[in-house]
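J.:
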Amino acid sequence: MFMAYCFTGTTVQPLPRQTLNNHKGGQVVCKGKRTLAVCSSNLQENVTERLGFIGCGHMAGAIIRGFVAAGIPSDLIHATTKTQSSAENAKRLGVGHIASDNRHLVESCDMIFLAVKPQILDAVLRQLKESINSKVLLERLFVSIAAGKTCDQIASQLGESRVRVMRVMPNLPVAVGQLAGAYCAGTHVEPTDVERVVRLFSLVGQLEPVNESCMEAVTALCGSGPAFVYMFLEALADGAVRQGLDRKVANRLALEMVYGASKLAKMDNLHFAQLRNQVESPAGTTVYGTSALERGQFRTAVIHAIQEAVQRAKQL
Numbered sequence: 021m022f023m024a025y026c027f028t029g030t031t032v033q034p035l036p037r038q039t040l041n042n043h044k045g046g047q048v049v050c051k052g053k054r055t056l057a058v059c060s061s062n063l064q065e066n067v068t069e070r071l072g073f074i075g076c077g078h079m080a081g082a083i084i085r086g087f088v089a090a091g092i093p094s095d096l097i098h099a100t101t102k103t104q105s106s107a108e109n110a111k112r113l114g115v116g117h118i119a120s121d122n123r124h125l126v127e128s129c130d131m132i133f134l135a136v137k138p139q140i141l142d143a144v145l146r147q148l149k150e151s152i153n154s155k156v157l158l159e160r161l162f163v164s165i166a167a168g169k170t171c172d173q174i175a176s177q178l179g180e181s182r183v184r185v186m187r188v189m190p191n192l193p194v195a196v197g198q199l200a201g202a203y204c205a206g207t208h209v210e211p212t213d214v215e216r217v218v219r220l221f222s223l224v225g226q227l228e229p230v231n232e233s234c235m236e237a238v239t240a241l242c243g244s245g246p247a248f249v250y251m252f253l254e255a256l257a258d259g260a261v262r263q264g265l266d267r268k269v270a271n272r273l274a275l276e277m278v279y280g281a282s283k284l285a286k287m288d289n290l291h292f293a294q295l296r297n298q299v300e301s302p303a304g305t306t307v308y309g310t311s312a313l314e315r316g317q318f319r320t321a322v323i324h325a326i327q328e329a330v331q332r333a334k335q336l
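In the numbering used here, the protein residues as written are 21 to 336.
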């Protein structure tokens, strides 16, 4: 697989496919101030930098699980945890080193993941600012997976505006190598930093470059989205059970149907409405079913779910 991105200031964009075809296997330098394409022709190259996770909850655990399954050595994965039970769980996930405190973790690692809940991120940043030399902070790349706080806000709270901070919004399917998420870069992030993060996460799925103003929308779509899908799956199975189908059979079929429909949509690359129309025969069962969904304001409910999730992300 070959990947390339253009970096201009804090905006990162994929390069056109024609550019990729002309520059396989190396780096492409574009014209313009701070504009550089970074690429990877071999995503399985050994990861050598030490990855430190401040926080090891559900999302961090999913990322670690995905990294380990992708072949990243446990010895390169560090984490801080609050309790003995969470430390034991981190070890089971594949964490090679449990740090005694956040200061020790930052001093020991190259890339620092801020993986705590948004509500306690302020306290963590304050503690890092007070306990770590600014020179060390400037040498590290910080990657926040917390909603609501911008890259530059994080850098400022660390007490040094030049700290390099990126934001990544992952989702739980990263645990099985099916990440769908996005990233953005802070003011002082270098093209090589973007390359490091893109290459790392390309081992476990797909990250899209977006403007930071769109990160809350990604939080709602990708971060919260799996819960919406699970609710839809539950409703599909419930409907089939109501019509007499065995619960276990209904659950299995609902899962496979959604998986297959998604795979076909990705392969055909058609507008979702076109794909739906292909299933809707005139006066057939499907169009009667989709009409019932429209009467129940299914589409409106989903759009409102995204809007509500975005608003909550902005409040954090």
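Glycine is no exception: its CB is placed at the ideal position from the N, C-alpha and C atoms.
Residues in the same chain with beta-carbon distance under 7 Å from Leu414, minus the five sequence neighbours each way, listed in chain order, please.
T.: Missing from the structure shown is residue 414; the chain here goes from 21 to 336 and no further.
J.: Within a Cβ cutoff of 7 Å, which residues of the same chain sit near Ser14, ignoring the five residues on either side of it in sequence?
T.: As displayed, the chain neither begins before 21 nor continues past 336, which places residue 14 out of reach and without an answer.
J.: Candidates Gln177, Thr68, Val209: which alpha carbon is nearest Pro93's?
T.: On the sequence shown, position 73 is the one that residue 93 refers to. Minimum Cα distance to Pro93 is reached at Thr68.
J.: If you run the structure through DSSP and keep just helix, strand and coil, what is Gly243?
T.: To locate residue 243, count along the sequence shown from 1; it is residue 223. Three-state result, Gly243: helix.
J.: Under the DSSP definition of a beta bridge, which residues are partnered with Thr207?
T.: Sequence index remark: in the sequence shown, residue 207 carries index 187 (1-based). DSSP lists no partner for Thr207.
J.: Considering only their Cβ atoms, is the gap separating Val144 from Val136 smaller than 8 Å?
T.: Within the sequence shown, numbered from 1, the residue matching residue 136 stands at position 116. Within the sequence shown, numbered from 1, the residue matching residue 144 stands at position 124. For Val136 and Val144, yes; Cβs fall inside 8 Å.
J.: Confirm, please, whether the CB-CB distance from Ala200 to Pro211 is below 8 Å.
T.: By one-based count along the sequence shown, residue 211 stands at place 191. By one-based count along the sequence shown, residue 200 stands at place 180. No, these two residues do not count as a Cβ contact at 8 Å.
J.: I'd like to confirm the pairing. Which residues does DSSP put opposite Phe133 in its beta bridges?
T.: Counted from its first residue, the sequence shown places residue 133 at position 113. In DSSP, Phe133 forms a bridge with Phe73, Val163.
J.: By the three-class DSSP mapping on this structure, what secondary structure does Gln263 have?
T.: Counting from 1 along the sequence shown, the entry for residue 263 is found at position 243. Here Gln263 sits in coil by DSSP.
J.: Between Gln171 and the rest of its own chain, which residues show a CB-CB distance below 6 Å, the 5 nearest in sequence each way excluded?
T.: To locate residue 171, count along the sequence shown from 1; it is residue 151. Per the sequence shown, residue 171 should be read as Cys rather than Gln. So the list reads Val185, Arg187, Gly206, once near-sequence residues are dropped.
J.: Quick one: residues in its chain with C-beta nearer than 8 Å to the C-beta of Ser301, no 5 flanking neighbours on either side, listed in chain order?
T.: Here the question's residue 301 lines up with position 281 in the sequence shown. If we look at Ser301 and ignore the five residues flanking it on each side, its Cβ neighbours are Val307.
J.: How would you call Phe292, buried or exposed, if buried means at least 16 neighbouring beta carbons within 10 angstroms?
T.: Locating residue 292 in the sequence shown gives position 272, counting from the first residue. Flag for Phe292 reads exposed.
J.: Comparing alpha-carbon positions, which option in His78, Ala281, Leu284 lies nearest Ile165?
T.: Residue 165 sits at position 145 when you count from the first residue of the sequence shown. Of His78, Ala281, Leu284, the residue nearest in Cα terms is His78.
J.: Secondary structure at Glu67, three-state DSSP: helix, strand or coil?
T.: The residue labelled residue 67 in the question sits at position 47 within the sequence shown. Note that residue 67 is Val in the sequence shown here, rather than Glu. Looking at Val67 - three-state DSSP - the assignment turns out to be coil, as it is neither helix nor strand.
J.: Please identify the residue among Leu223, Thr239, Ala202 whose C-alpha is closest to the C-alpha of Val230.
T.: Residue mapping note: residue 230 aligns to position 210 of the sequence shown, counting from 1. It is Ala202 whose Cα lies nearest to the Cα of Val230.
J.: Can you find the residues in the same chain that come closer than 6 Å, C-beta to C-beta, to Phe221, ignoring five residues on each side of it along the sequence?
T.: Within the sequence shown, the letter at position 201 stands for residue 221. Cβ neighbours of Phe221 beyond the five flanking positions: Leu227.
J.: Ala247 and Ala257 - do their beta-carbons sit closer together than 8 Å?
T.: What you label residue 257 is simply residue 237 of the sequence shown in a count that begins at 1. What you label residue 247 is simply residue 227 of the sequence shown in a count that begins at 1. Their beta carbons are not under 8 Å apart, which means Ala257 does not touch Ala247 by this criterion.
J.: Near Leu113, which residues of its chain fall below 8 Å by C-beta distance, leaving aside the five closest residues on each side in sequence?
T.: The count along the sequence shown starts at 1 and reaches residue 113 at position 93. Cβ within range, chain order: Cys76, Gly81, Ile84, Arg85, Val88.
J.: For Ile152 and Leu161, what's the separation of their Cα atoms in angstroms?
T.: What you label residue 152 is simply residue 132 of the sequence shown in a count that begins at 1. What you label residue 161 is simply residue 141 of the sequence shown in a count that begins at 1. Roughly 14 Å separates the two Cα atoms.
J.: Which residue marks the beginning of the alpha helix (DSSP H) containing Glu11, and which one marks its end?
T.: The displayed coordinates of the chain run from 21 to 336. Any statement about residue 11 would go beyond what the structure contains.
J.: Taking DSSP as the reference, what is the three-state secondary structure of Arg272?
T.: Residue numbering aside, residue 272 sits at position 252 when the sequence shown is read from its first letter. In this structure, Arg272 counts as helix in the three-state DSSP scheme.
J.: Bridge partners of Ala99, per DSSP?
T.: If you number the sequence shown from 1, residue 99 lands on position 79. Bridge partners of Ala99: Phe73, Ile118.
J.: Closer than 8 Å by C-beta to Arg319: which residues in its own chain qualify, once you throw out the five before and the five after it? Chain order, please.
T.: The residue given as residue 319 occupies position 299 in the sequence shown. Around Arg319: Leu313.
J.: Rounded to whole angstroms, what is the Cα-Cα separation between Val322 and Ser154?
T.: Within the sequence shown, residue 322 is the residue found at index 302, counting from 1. Within the sequence shown, residue 154 is the residue found at index 134, counting from 1. Between Val322 and Ser154, the C-alpha separation is close to 45 Å.
J.: According to DSSP, Ala237 sits in a beta bridge with which residue or residues?
T.: As a first step, residue 237 is located in the sequence shown; it is residue number 217 there, counting from the start. Per DSSP, none; premise fails for Ala237.
J.: Check the C-beta distance from Ile132 over to Val115 and give it rounded, since I have them as a contact under 8 Å.
T.: Within the sequence shown, residue 132 is the residue found at index 112, counting from 1. Within the sequence shown, residue 115 is the residue found at index 95, counting from 1. Actually they do not touch by this definition, with Cβ atoms about 14 Å apart.
J.: Between the alpha carbons of Thr101 and Arg267, how many angstroms are there, rounded?
T.: Counted from its first residue, the sequence shown places residue 101 at position 81. Counted from its first residue, the sequence shown places residue 267 at position 247. Whole-angstrom Cα-Cα distance: 39 Å.
J.: Taking the alpha-carbon of Gln331 as reference, which of Gln298, Asn109, Cys234, Ala285 has the nearest alpha-carbon?
T.: Numbered from 1 along the sequence shown, position 311 holds the residue referred to as residue 331. The residue with the shortest Cα to Cα distance from Gln331 is Cys234.
J.: I need the DSSP call for Ala90, collapsed to helix, strand or coil.
T.: Taking the sequence shown and counting its residues from 1, the one referred to as residue 90 is at position 70. DSSP places Ala90 in coil when its eight states are reduced to three.
J.: CA-CA distance, Thr55 and Val217?
T.: By one-based count along the sequence shown, residue 55 stands at place 35. By one-based count along the sequence shown, residue 217 stands at place 197. Caution is warranted here: a pLDDT of 34 is assigned to Thr55, below 50, making its placement in the model unreliable, and the coordinate value is therefore given only provisionally. Distance between the alpha carbons of Thr55 and Val217: 17 Å.
J.: Under a Cβ-count criterion, where at least 16 other Cβ atoms within 10 Å of its own Cβ denotes burial, should Ile140 be classed as buried or exposed?
T.: Stepping through the sequence shown from its first residue, residue 140 is reached at position 120. So Ile140 ends up on the exposed side.
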